Amino acid sequence: MAAAQGRLSDGAGGMDERKETGGDSGQGGAGGAGDAPPLPFRAAVEALRGARLRPQIEVDPAPAPKRLAPYAYALEAAVVDGEEDLADGRLVLLHDPAGHDAWRGTFRLVTLVRAELEPEMAADPLLPDVCWSWLTGALAARGLTYGEPSGTVTRASSHYFGGLSARPAASQIEIRASWTPREGLGGAPDTAAHLVAWSDLLAQVAGLPPAAAGDASVVTLPQRRGPQSR
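First residue of the sequence shown: -17, per my numbering; consecutive thereafter.
Given below as structure tokens:
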């Protein structure tokens, strides 16, 4: 699976951390490797592991960042068509039992999603607003309550010259975002529902039709670039 690359922001004071290249792909610990994670975090992780997603989306555990919060769990996903990836992304669950002023809660979800687009679509001035609406629309469509959303939508274009001039111009869209999921009974948020909503965003970025007939909660981009080789 192609994993999303780059830096993840937790939305709290601009803290960033590069993707870890090793270590435990499950959960971080506070105060020592032998500390048992708190029950709300364990419940949130189990809910992520048990979520059911549409068949075009492949999900695997990923190394979790170790310095953004006392406890963390990460997933990477790709929208797959045969042997090709249409889009990929990473979702990180952060937990600080003491709470975080910027989060206004004890949990935070952080994401990076990316896909290739036709160059003319990348030049559309409305593209960033549309892409951000995919995220908020996906959460709203699942009836999820959340707070303190923040993020960026970045578009980049590559043009090739000289010995590389035979390559077609390429454009990429990246959505980096974080939000605070509402905590439910027992202090754990409904992370399974948030993962499903995030997978809806990933599918939308990949150009897949809505999972349910007549679902118009998100906007579809025309002129998607063809599938990328895995």
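Yeah, the Cβ is synthetic: ideal placement off N, Cα and C, and Gly gets one too.
Computed from a predicted structure; not experimentally measured.
So for PRO192, helix, strand or coil by DSSP?
Numbered from 1 along the sequence shown, position 210 holds the residue referred to as residue 192. Of the three classes helix, strand and coil, the one that applies to PRO192 here is coil, per DSSP.
Name, in chain order, the residues that DSSP records as bridge partners for ALA185.
Here residue 185 refers to the residue found at position 203 of the sequence shown. The partner list for ALA185 (beta bridge, DSSP) is empty, contrary to what the question assumes.
Enumerate in chain order the residues of its own chain whose CB-to-CB distance from GLY5 is below 8 Å, with the five nearest sequence positions on each side excluded.
Position 23 of the sequence shown holds residue 5. Residue placement at GLY5 is flagged as unreliable, the pLDDT there being 38, under the threshold of 50; the coordinate-derived value follows with that caveat. Excluding residues within five positions, the ones whose Cβ falls inside 8 Å are PRO45, ALA46, LYS48.
So within the segment 4 to 75, which uninterrupted beta strand (DSSP E) runs reach at least 3 residues, ignoring any that extend past its ends?
39 to 44, 53 to 63
Measuring CB atoms only, is the segment 148 to 163 touching the segment 122 to 134, in the sense that at least three cross pairs come out at less than 8 Å?
Short answer: they touch.
Give me the Cα-Cα distance between GLY87 and GLU65, rounded to the nearest whole angstrom.
Translated into positions along the sequence shown, residue 87 becomes position 105. Translated into positions along the sequence shown, residue 65 becomes position 83. Spanning the two alpha carbons is a distance of roughly 40 Å.
What is the DSSP secondary structure of GLU2, reduced to helix, strand or coil?
As a position in the sequence shown, residue 2 is number 20, starting the count at 1. Note on GLU2: pLDDT 38, under 50, position unreliable in the model; the coordinate value appears next. Reduced to three states, the DSSP call for GLU2 is coil.
What whole-angstrom Cβ distance do ARG124 and ALA179 have, given they're in contact under 8 Å?
On the sequence shown, position 142 is the one that residue 124 refers to. On the sequence shown, position 197 is the one that residue 179 refers to. Confirmed, Cβ separation roughly 4 Å.
Kindly provide the ranges of any alpha helix (DSSP H) runs that are 4 or more residues long and lie completely inside the segment 80 to 146, ordered along the chain.
101 to 104, 109 to 123
Identify the residues that DSSP records as bridge partners of THR162: which are they?
Numbered from 1 along the sequence shown, position 180 holds the residue referred to as residue 162. THR162 pairs with GLY129.
By how many angstroms is the C-alpha of LEU73 removed from the C-alpha of ARG149?
Within the sequence shown, the letter at position 167 stands for residue 149. Within the sequence shown, the letter at position 91 stands for residue 73. Roughly 32 Å separates the two Cα atoms.
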